[in-house]
Structure formats: C-alpha cells, structure tokens
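Numbering (my numbering), first residue to last: 4 to 309. Glycine is no exception: its CB is placed at the ideal position from the N, C-alpha and C atoms. Accompanying notes for the structure given below.
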C-alpha cells in the first residue's frame, strides 16, 4: 500500500495477482432471501429493489450460462479484458439446496477465461456444507465470499429489516473464516438514524475483523421500496454528496491498509432511482473522495489502530 494511491483498490489487487485486467461479471440466479420469503420476514431489506440489489438479468436470461456468456462478450468489447470473475450478486446466493448451488457455480466457473468466483450472500445463510463447496474451488480459482453487514448496530439492522443481529453476523463471519476463502464485507453509509459516531464504530469494528475486502455503498432510494415510502413521508433524507464523501474518507482512514477496497459508492439504475440524484454521478463521487483524501493529506489506514 502506497500513500500515492490513497487506498488499495480492487483493480490494483487483481493486477498484482493476475498481471492483467480482470473484470467481474454480475449474475442473477433468481434466488431469494430469508427476510423476503417469510423464513425471517417479508419484503426484504427496506432499500432493496425487486431485483435483490442486482441487475435483473434473470428476467431476460434465466439460464445462468447464457447470462454469463452474454456478460463476458460485453466486457470483452468494452474493456478488452480476457479474464473474468463471475459474481452471483442478486439476493442471497447460498440460500438454496446444495445441489442447486453446485450446479450454478460449476456452470460458470469452468467457462473460458474465468479465474475466480464471487458469491454474495447473508451471514445467516452459511453452513459448513456450502462453505466446503466454495473452498473446494480455491486450489484453482480465486473465491470471494461477499457478506452483507451494512451496520454493526442492531437498532439499525432491525429498522432496515435485515432479519439478523450483529452477533448473528459475527457467527457467520467466524464460521466462514475457517475456510480458505477471501471475504468481502458490505457496509452502507447513510442508513436512517445513523450519525457519524455510528458509522465510525462500524468502521472500527470492520477494522478489528480484518476482512480481505470491503464494499462501501452509499444509501440511495429505489422506486417501489419501503425506503421510498419513508422518504416520501419525509421521515428520512439521504446524505448530501459532500457528507458521503467526508464519511467515506473517515471510514477509509480507519481500515487496515491491506483491506482491498472493492467499491466506494453505490451504483443505482437510472430508471429505479428516486433520490439522491448525485448517486448517478459515480465517477464524480470517486474523484471527490480522492480529492478529499489529498486535501487531508490522508490515506487508507492513517488512523488504523492495530
């Protein structure tokens, strides 16, 4: 990690590992979540759209191989990449019978150019069987397990209808740590009711856990979600862009310098977004984060307490 780069980006990490550009391809397996189907609740997280925070490709291409090949061709043309990591993004991608999960993973992991696998899921959707399945791929492939944490605060987790507590998250995280998987945590900055102090406590706890990677999302409001209703009733207002930038820099300063930064903002679909409109300006937000780190003479890990 060098001061000049300010934070350890995912692209830098992949180039170090593979010596060339590697692109993720996002997939939608058409699964669900326990807080959607009645197992732990209904409706899902209050910010989650009908596609389970994914791209909705399952609606167009329900066959997972067709999805993957379609995305690979797009990526080849757009980025000229030749290596790929299929990313099961939508919903909870360990929340299905083991045989179905194995079929999904193996359909894409052996496609030409694939060098890894990323599986997004919830911490309460893990067990030894599925972790053993994922670990079996690690001798040949880079395998990322992406776990939604969002916040360490149980009041917030209840408010956003996560359907699990922080202690339940820790149990899932500690179980996954027994296996040779790379673990990426997801957090959201700007959740209802959270102050800077709440967010910094989450940052400090993430630093203590020392995950391999992290995705920092901005909270934005999707059409048709419970969060939209709260917003329309004027019970919640999203962060301004400058507020998000400052809080993200605060978060980065407290992380270990070895944690790979996979994402630093949200990425809403223009047709789904209600507010804030700055959430569509991803490149601008990233530039502002870099500028703020430079203004502070700061970098990832500057305030990290080992």
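### Query
From residue 320 to residue 258, what does the alpha carbon distance come to, in whole angstroms?
Only positions 4 to 309 of the chain appear in the structure, and residue 320 is not among them; the question remains open.
### Message
Does the contact criterion of 3 or more C-beta pairs under 8 Å hold for the region 163-173 versus the region 148-155?
### Response
yes
### Task
Would you mind listing the alpha helix (DSSP H) stretches within the region 99-134 that are 4+ residues and don't spill past its ends, in chain order?
101-112
#### Entry: Close-in-space but distant-in-sequence residues of the same chain around residue 241 (CB under 7 Å, 5 per side omitted)
Locating residue 241 in the chain shown gives position 238, counting from the first residue. The answer, listed in chain order, is 193, 222, 223, 224, 278 and 279.
### Query
By the 10 Å Cβ neighbour count, where 16 or more other Cβ atoms means buried, how is residue 208 classified, buried or exposed?
The sequence position of residue 208 within the chain shown is 205, counting from 1. Around the beta carbon of residue 208, 16 or more other beta carbons lie within 10 angstroms, which makes this residue buried.
### Query
Quick one: Cα of residue 14 to Cα of residue 271, how far?
Counted from its first residue, the chain shown places residue 14 at position 11. Counted from its first residue, the chain shown places residue 271 at position 268. Computed Cα separation, rounded: 21 Å.
### Query
Going by Cα to Cα distance, which pick from 179, 114, 67 and 123 is closest to residue 138?
Here residue 138 is taken as the residue at index 135 of the chain shown, counted from 1. Answer by Cα proximity: 179.
### Query
Does the pairing of the region 103-110 with the region 73-85 give three or more beta-carbon distances under 8 Å?
no
### Message
Taking DSSP's pairing of strands, which residues face residue 40 in a bridge?
### Response
The sequence position of residue 40 within the chain shown is 37, counting from 1. Note: residue 40 sits in a beta bridge opposite 45.
### Message
Can you check which of these residues, 141, 210 and 82, is closest to residue 310 by C-alpha distance?
### Response
Summary: the structure shown does not reach residue 310, with the chain confined to residues 4 through 309, and so no result is reported for it.
### Query
Can you pull the DSSP bridge partners for residue 309?
For the purposes of this step, residue 309 is taken as the residue at position 306 of the chain shown. In DSSP, residue 309 forms no bridge with anything.
### Query
What's the gap between the Cα of residue 67 and the Cα of residue 104?
As a first step, residue 67 must be located in the chain shown, where it is residue number 64. As a first step, residue 104 must be located in the chain shown, where it is residue number 101. Looking at the two C-alpha atoms, the distance is approximately 12 Å.
### Query
Which whole-angstrom value is the C-beta distance of residue 87 and residue 118, which I expect to be below 8 Å?
Position 84 of the chain shown, counted from the first residue, corresponds to residue 87. Position 115 of the chain shown, counted from the first residue, corresponds to residue 118. Their Cβ separation, rounded to whole angstroms, is 7 Å, which keeps residue 87 and residue 118 in contact under 8 Å.
### residue 26 versus residue 218 - alpha carbon distance
By one-based count along the chain shown, residue 26 stands at place 23. By one-based count along the chain shown, residue 218 stands at place 215. Approximately 16 Å between the Cα atoms of the pair.
### Task
Look at the alpha carbon of residue 28 and the alpha carbon of residue 71, and state the distance between them as a whole number of angstroms.
Here residue 28 refers to the residue found at position 25 when the chain shown is read from its first residue. Here residue 71 refers to the residue found at position 68 when the chain shown is read from its first residue. Whole-angstrom Cα-Cα distance: 7 Å.
### Task
Count the other C-beta atoms from every protein chain shown that fall within 10 angstroms of the C-beta of residue 265, then say buried if there are 16 or more, exposed otherwise.
Locating residue 265 in the chain shown gives position 262, counting from the first residue. It counts as buried.
### Query
Are there 16 or more other CB atoms within 10 angstroms of the CB of residue 92, so buried, or fewer, so exposed?
One-based indexing of the chain shown puts residue 92 at position 89. Looking at its Cβ environment, which holds 16 or more other Cβ atoms inside 10 Å, residue 92 is buried.
### Query
So what does DSSP say about residue 255, is it helix, strand or coil?
For the purposes of this step, residue 255 is taken as residue 252 along the chain shown, with counting starting at 1. Of the three classes helix, strand and coil, the one that applies to residue 255 here is helix, per DSSP.
### For residue 6, the three-state DSSP class (helix, strand or coil)
As a working note, residue 6 is residue 3 in the chain shown. Only weak support is given to the placement of residue 6: the predicted model assigns it a pLDDT of 41, under 50, and the value that follows is read from those uncertain coordinates. Here residue 6 sits in helix by DSSP.
### Query
Looking only at DSSP bridge pairs, what is residue 87 linked to?
In the chain shown, residue 87 corresponds to position 84, counting from 1. Beta-bridge pairing links residue 87 to 26 and 117.
### Message
Tell me which residue opens and which closes the beta strand (DSSP E) that residue 262 is part of.
### Response
In the chain shown, the residue the question calls residue 262 occupies position 259. Counting along the chain, residue 262 falls outside any beta strand (DSSP E), and DSSP gives it neither H nor E.
#### Entry: Counted within 10 angstroms of its Cβ, other Cβ atoms place residue 131 as buried (16 or more) or exposed
Your numbering for residue 131 matches position 128 in the chain shown. With fewer than 16 Cβ atoms within 10 Å of its Cβ, residue 131 is classed as exposed.
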